[in-house]
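Student: Can you keep this structure in mind? I'll have questions shortly.
Protein chains: 2
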Amino acid sequence: MIRTHLSVVSVDDSCFECPVSSKGVCLRYGASLRDAVSKYSVDAIIKKGSALAYAGDRANALFIIKKGEIKAIRSLRDGRQQIVGFARPGDIIGNPQGQDSFDCTFEALTDSVLCKTRTKDLHKLSSDHPEYNSAFMDAVSNEILRRGDQNVLLGRKRAEERLASFITERAIDVQHDNSFVKLDVINLPMTRLDIADYLGLTIETVSRVLTIFKNRNLIKIVNKSRIEILDHDSLAALACEEESRHFNTRIFL
Amino acid sequence: MIRTHLSVVSVDDSCFECPVSSKGVCLRYGASLRDAVSKYSVDAIIKKGSALAYAGDRANALFIIKKGEIKAIRSLRDGRQQIVGFARPGDIIGNPQGQDSFDCTFEALTDSVLCKTRTKDLHKLSSDHPEYNSAFMDAVSNEILRRGDQNVLLGRKRAEERLASFITERAIDVQHDNSFVKLDVINLPMTRLDIADYLGLTIETVSRVLTIFKNRNLIKIVNKSRIEILDHDSLAALACEEESRHFNTRIFL
DNA sequence: CGTCTCCTTGACGAGGATCAAGACCAGTGG
DNA sequence: CCACTGGTCTTGATCCTCGTCAAGGAGACG
Numbered sequence: 001m002i003r004t005h006l007s008v009v010s011v012d013d014s015c016f017e018c019p020v021s022s023k024g025v026c027l028r029y030g031a032s033l034r035d036a037v038s039k040y041s042v043d044a045i046i047k048k049g050s051a052l053a054y055a056g057d058r059a060n061a062l063f064i065i066k067k068g069e070i071k072a073i074r075s076l077r078d079g080r081q082q083i084v085g086f087a088r089p090g091d092i093i094g095n096p097q098g099q100d101s102f103d104c105t106f107e108a109l110t111d112s113v114l115c116k117t118r119t120k121d122l123h124k125l126s127s128d129h130p131e132y133n134s135a136f137m138d139a140v141s142n143e144i145l146r147r148g149d150q151n152v153l154l155g156r157k158r159a160e161e162r163l164a165s166f167i168t169e170r171a172i173d174v175q176h177d178n179s180f181v182k183l184d185v186i187n188l189p190m191t192r193l194d195i196a197d198y199l200g201l202t203i204e205t206v207s208r209v210l211t212i213f214k215n216r217n218l219i220k221i222v223n224k225s226r227i228e229i230l231d232h233d234s235l236a237a238l239a240c241e242e243e244s245r246h247f248n249t250r251i252f253l
Numbered sequence: 001m002i003r004t005h006l007s008v009v010s011v012d013d014s015c016f017e018c019p020v021s022s023k024g025v026c027l028r029y030g031a032s033l034r035d036a037v038s039k040y041s042v043d044a045i046i047k048k049g050s051a052l053a054y055a056g057d058r059a060n061a062l063f064i065i066k067k068g069e070i071k072a073i074r075s076l077r078d079g080r081q082q083i084v085g086f087a088r089p090g091d092i093i094g095n096p097q098g099q100d101s102f103d104c105t106f107e108a109l110t111d112s113v114l115c116k117t118r119t120k121d122l123h124k125l126s127s128d129h130p131e132y133n134s135a136f137m138d139a140v141s142n143e144i145l146r147r148g149d150q151n152v153l154l155g156r157k158r159a160e161e162r163l164a165s166f167i168t169e170r171a172i173d174v175q176h177d178n179s180f181v182k183l184d185v186i187n188l189p190m191t192r193l194d195i196a197d198y199l200g201l202t203i204e205t206v207s208r209v210l211t212i213f214k215n216r217n218l219i220k221i222v223n224k225s226r227i228e229i230l231d232h233d234s235l236a237a238l239a240c241e242e243e244s245r246h247f248n249t250r251i252f253l
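So this is what it looks like as structure tokens:
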């Protein structure tokens, strides 16, 4: 994992052309706030495998992912690590109020593009636009619930249930109107180790359980980073999750 | 667990006499907001063992705990349950923006007193007082971090480490100025089963590990609901947590 | 074709769950 | 005062899921 400075590619990119302007927090911006965000934000590019920030780093910006996927890692001193989540387009990295430091290490799983807003500009945005903070309240309370769900998964589910939950969650594509579609093919840009670190398992268990699912014809393993879901219902039953419980965008601090 | 209606004991209680007015979100209220909150809030009492709300219940109020302790439970359909946290004085139950339903079942571990504000009054508070929402931003981002820590605990720590984390966390008393003191005696108003459900263990494992700690002279078990810490350092080492990482108030949705 | 990384599979063992029994304790009633 | 009762906690014996260790397979890339 090599730290790279982010490349800033464009300083006048507009929200109107942004692929995530209709998702998550951006969706909730009013017209004038959107103009202001457009003015203050720049695109940043980060290469696959390099770190956006390390846990404890001074946080001088807020990022919204436009493209790619980034993992959020928390580590214990002896090397054990827990992946807190995978950030995807529309998801936020950073605190809209401007926190002092990052809580996680963020590493790009794929080449990614981020919308970057500097902390000092955040203060201006929130004081000029009263709806700015409340636009984030949805995201933060959503994230609290999601981490509660992850607590349940890590505390009370067995390996097969964890993998089933992971797969079904990635297969849900939430639409702008909060309806959703179930995808048949999902991409896994992360390694098996990343999945294991996310689910509180080992790489061997992840591999084994995927093989079990394959043998039961629940999934088809297209290749290392892509699986096809053959039996949504059985997986959903294994995941033992409420129907209806779908999350859209996440926020990482 | 019997549902009881809350008893409202006083409608004109002032924040100025409130035991938690100097904690958490209340601490951040300005004078005029504090007056307004005083006007809209009432005290509510809930008896040990009864439920404040069940997961999925319509949320028509926000609560701040003044006295007592309340557990927040999430359940799987087959009866397994995960306690997401224990809410204590200064902690919040509910969403300042007014959510539609509660995510957890809340049950009082002791007779408790709560400051209750109705959802419809929340809207008024937040529109009249721009600082109202931002006062909660600290709490929600704090809660996100805390649940991330709990993910690490549940995903990557072994039983002894989990218990050590639990004990050391409860032994930290955060002061108003964010300094803290380490308590030598801690109360455990919850049962061993509650502790197990919080830590992703079974009741037997909790009991065994406490006995191990006792035999190593790390703790003294005064009685079922009270333990004395004899060796803070060893427990802290077992917990493998960053020094410095202390949370004050929590929020549950 | 060799090397590197990642993934899969097998054998084995350990940590914690499960099952079962008994201890402790508060409350209740004789 | 003691016996009884029900709930909670502790302790022991056994089992099983998943972690650990080890080896081999499959791609990617030079």
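Same order as they appear, the protein sequences are chains X and L. Just so you know, the first sequence maps onto residues 1 to 253 in the numbering used here. Just so you know, the second sequence maps onto residues 1 to 253 in the numbering used here. All C-beta atoms, glycine included, are put in the ideal place defined by N, C-alpha and C. Quick caveat: nothing in here was measured; it's all calculated off a predicted structure.
What is the DSSP secondary structure of D111 of chain X, counted as helix, strand or coil?
Tutor: Translated into positions along the first sequence, residue 111 of chain X becomes position 111. In the structure shown, D111 of chain X sits in coil (DSSP, three-state: anything other than H, G, I, E or B).
Student: Go through its chain and collect everything with a Cβ distance to S22 of chain L's Cβ below 8 angstroms, but skip five positions before and after it.
Tutor: In the second sequence, the residue the question calls residue 22 of chain L occupies position 22. If we look at S22 of chain L and ignore the five residues flanking it on each side, its Cβ neighbours are H176.
Student: Which of helix, strand or coil does DSSP assign to F102 of chain L?
Tutor: Counting from 1 along the second sequence, the entry for residue 102 of chain L is found at position 102. F102 of chain L: coil per DSSP, three-state reduction.
Student: Helix, strand or coil: how does DSSP classify A336 of chain L here?
Tutor: Lying before the first or after the last residue shown, residue 336 of chain L is absent from chain L, which here runs from 1 to 253.
Student: Counting only runs of 3+ residues fully inside the stretch 16–102 of chain L, write out the beta strand (DSSP E) ranges in chain order.
Tutor: For the stretch 16–102 of chain L, whole beta strand (DSSP E) runs of length 3 or above, ordered along the chain, are 42–46, 50–53, 61–67, 70–75, 81–87.
Student: To which residues of the same chain is L163 of chain X closer than 6 angstroms at the C-beta, ignoring the five residues directly before and after it?
Tutor: On the first sequence, residue 163 of chain X is found 163 positions in, with the first residue counted as 1. Closer than 6 angstroms at Cβ, skipping near neighbours: V209.
Student: Please list the partners that I64 of chain X has in chain L, where partner means a Cβ-to-Cβ separation under 7 angstroms.
Tutor: Position 64 of the first sequence, counted from the first residue, corresponds to residue 64 of chain X. Going along chain L, no residue has its Cβ under 7 angstroms from I64 of chain X, so there is no contact; the nearest lies around 16 angstroms.
Student: With distances taken between CB atoms, is the gap from Y29 of chain X to V37 of chain X smaller than 8 angstroms?
Tutor: In the first sequence, residue 29 of chain X corresponds to position 29, counting from 1. In the first sequence, residue 37 of chain X corresponds to position 37, counting from 1. Their beta carbons are under 8 angstroms apart, which means Y29 of chain X touches V37 of chain X by this criterion.
Student: If you check the beta carbons only, do E107 of chain L and I251 of chain L fall under 8 angstroms apart?
Tutor: Locating residue 107 of chain L in the second sequence gives position 107, counting from the first residue. Locating residue 251 of chain L in the second sequence gives position 251, counting from the first residue. For E107 of chain L and I251 of chain L, no; Cβs fall outside 8 angstroms.
Student: Just to confirm, are I92 of chain X and V25 of chain X a CB contact at a threshold of 8 angstroms?
Tutor: Locating residue 92 of chain X in the first sequence gives position 92, where the first residue counts as 1. Locating residue 25 of chain X in the first sequence gives position 25, where the first residue counts as 1. For I92 of chain X and V25 of chain X, yes; Cβs fall inside 8 angstroms.
Student: Determine the chain X residues that contact R77 of chain L at a beta-carbon separation under 7 angstroms, and present them in chain order.
Tutor: The residue labelled residue 77 of chain L in the question sits at position 77 within the second sequence. Neighbours of R77 of chain L on chain X, chain order: C240.
Student: Using 8 angstroms as the limit for Cβ to Cβ distance, is E143 of chain X near chain L?
Tutor: Counting from 1 along the first sequence, the entry for residue 143 of chain X is found at position 143. Yes - at least one Cβ of chain L is within 8 angstroms of the one on E143 of chain X.
Student: So for F252 of chain X, helix, strand or coil by DSSP?
Tutor: In the first sequence, the residue the question calls residue 252 of chain X occupies position 252. The answer is strand: DSSP assigns F252 of chain X an E or B state.
Student: Suppose contacts are defined by Cβ-Cβ distances below 8 angstroms. Is T117 of chain X in contact with L52 of chain X by that definition?
Tutor: Position 117 of the first sequence, counted from the first residue, corresponds to residue 117 of chain X. Position 52 of the first sequence, counted from the first residue, corresponds to residue 52 of chain X. Not in contact: T117 of chain X and L52 of chain X (Cβ atoms no closer than 8 angstroms).
Student: Would P130 of chain L pass as an interface residue toward chain X - the criterion being a Cβ-Cβ separation below 8 angstroms?
Tutor: If you number the second sequence from 1, residue 130 of chain L lands on position 130. It does: the Cβ of P130 of chain L has a partner Cβ on chain X nearer than 8 angstroms.
Student: Buried or exposed for R156 of chain L, going by 16 or more other Cβ atoms inside 10 Å?
Tutor: If you number the second sequence from 1, residue 156 of chain L lands on position 156. The residue is buried, with at least 16 neighbouring Cβ atoms inside 10 Å.
Student: Is S134 of chain X close to chain L, meaning its C-beta is less than 8 angstroms from at least one C-beta of that chain?
Tutor: Mapped onto the first sequence, residue 134 of chain X falls at position 134. Yes, its Cβ sits closer than 8 angstroms to a Cβ of chain L.
Student: Check distances from the C-beta atoms of the stretch 92–110 of chain X to those of chain L and list, in chain order, the residues that come in under 8 angstroms.
Tutor: Within the stretch 92–110 of chain X, the qualifying residues are N95, P96, Q97, Q99, D103, C104.
Student: Give me whichever residues DSSP pairs with N187 of chain X in a beta bridge.
Tutor: Mapped onto the first sequence, residue 187 of chain X falls at position 187. N187 of chain X is bridged to X:R226.
Student: Which residues in the same chain have their Cβ closer than 6 angstroms to the Cβ of V174 of chain X, if we skip the five residues on either side of it in sequence?
Tutor: In the first sequence, residue 174 of chain X corresponds to position 174, counting from 1. Result list for V174 of chain X: F180, H246, N248, in chain order.
Student: For T117 of chain L, which of helix, strand or coil comes out of DSSP?
Tutor: Walking along the second sequence from the start, residue 117 of chain L turns up at place 117. Three-state DSSP puts T117 of chain L in a strand.
Student: Using the beta-carbon count (16 or more within 10 Å), is K66 of chain L buried or exposed?
Tutor: Taking the second sequence and counting its residues from 1, one reaches residue 66 of chain L at position 66. With 16 or more Cβ atoms within 10 Å of its Cβ, K66 of chain L is classed as buried.
Student: What does a CB cutoff of less than 7 angstroms around D197 of chain L pick up in its chain, not counting 5 residues either side in sequence?
Tutor: Within the second sequence, numbered from 1, the residue matching residue 197 of chain L stands at position 197. Same-chain partners within the cutoff: Q81, Q82, I83.
Student: Would you kindly work out how many angstroms separate the C-alpha atoms of I229 of chain L and D103 of chain X, rounded to a whole number?
Tutor: Within the second sequence, residue 229 of chain L is the residue found at index 229, counting from 1. Within the first sequence, residue 103 of chain X is the residue found at index 103, counting from 1. The alpha-carbon atoms of I229 of chain L and D103 of chain X are separated by roughly 29 angstroms.
Student: Pull up the distance between the alpha-carbon of Y54 of chain L and that of L153 of chain L, whole angstroms please.
Tutor: The residue you call residue 54 of chain L lines up with position 54 of the second sequence. The residue you call residue 153 of chain L lines up with position 153 of the second sequence. Distance between the alpha carbons of Y54 of chain L and L153 of chain L is about 26 angstroms.
Student: Scan the stretch 144–158 of chain L for residues whose Cβ lies nearer than 7 angstroms to a Cβ of chain X and list them as they occur along the chain.
Tutor: So the list reads I144, L145, R147, G148, Q150, N151, V152, L154, G155, R156, given in the order they occur along the chain.
Student: Could you say which of X:R74, X:D100, X:P96, X:I167 lies nearest to A236 of chain X if we only look at CA atoms?
Tutor: Residue numbering aside, residue 236 of chain X sits at position 236 when the first sequence is read from its first letter. Measuring from the Cα of A236 of chain X, the nearest candidate turns out to be X:I167.
Student: Mind pulling the chain X residues with CB within less than 7 angstroms of G200 of chain L?
Tutor: Position 200 of the second sequence, counted from the first residue, corresponds to residue 200 of chain L. Ordered by position in chain X, the residues that pass the 7 angstroms Cβ test against G200 of chain L are L154, G155, R156.
Student: Mind reading off the beta-carbon distance from L109 of chain L to E69 of chain L? Whole number of angstroms is fine, and I expect it under 8 angstroms.
Tutor: The sequence position of residue 109 of chain L within the second sequence is 109, counting from 1. The sequence position of residue 69 of chain L within the second sequence is 69, counting from 1. Confirmed, about 5 angstroms.
Student: Under 8 angstroms between beta-carbons, which chain L residues line up against R74 of chain X? List them in chain order, please.
Tutor: Translated into the one-based positions of the first sequence, residue 74 of chain X becomes position 74. Residues of chain L passing the Cβ test: G148, D149, N151, V152.
Student: Hey, does V25 of chain L have any beta-carbon neighbour from chain X nearer than 8 angstroms?
Tutor: As a first step, residue 25 of chain L is located in the second sequence; it is residue number 25 there, counting from the start. It does not; no Cβ of chain X falls within 8 angstroms.
Student: Going along chain X in order, which residues have a C-beta closer than 7 angstroms to the C-beta of L33 of chain L?
Tutor: Working through the second sequence from its first residue, we reach residue 33 of chain L at position 33. Result: empty, since nearest Cβ-Cβ is about 15 angstroms, beyond 7 angstroms.
Student: Just verifying my parser: in three-state terms, what is the DSSP assignment at K157 of chain X?
Tutor: By 1-based counting over the first sequence, the position of residue 157 of chain X is 157. Reduced to three states, the DSSP call for K157 of chain X is coil.
Student: Spatial neighbours of Y40 of chain X within its chain, please: C-beta separation below 6 angstroms, excluding the five flanking residues on both sides.
Tutor: Numbered from 1 along the first sequence, position 40 holds the residue referred to as residue 40 of chain X. Counting only Cβ-Cβ distances below 6 angstroms, and skipping sequence neighbours, we find T117, D121.
Student: I'd like to know whether the C-beta atoms of R77 of chain L and C240 of chain X end up nearer to each other than 8 angstroms.
Tutor: Locating residue 77 of chain L in the second sequence gives position 77, counting from the first residue. Locating residue 240 of chain X in the first sequence gives position 240, counting from the first residue. Cβ atoms of R77 of chain L and C240 of chain X: closer than 8 angstroms.
Student: Please confirm whether R192 of chain L has its beta-carbon closer than 8 angstroms to some beta-carbon of chain X.
Tutor: Locating residue 192 of chain L in the second sequence gives position 192, counting from the first residue. Taking Cβ atoms only, chain X never reaches closer than 8 angstroms to R192 of chain L, which makes this a no.
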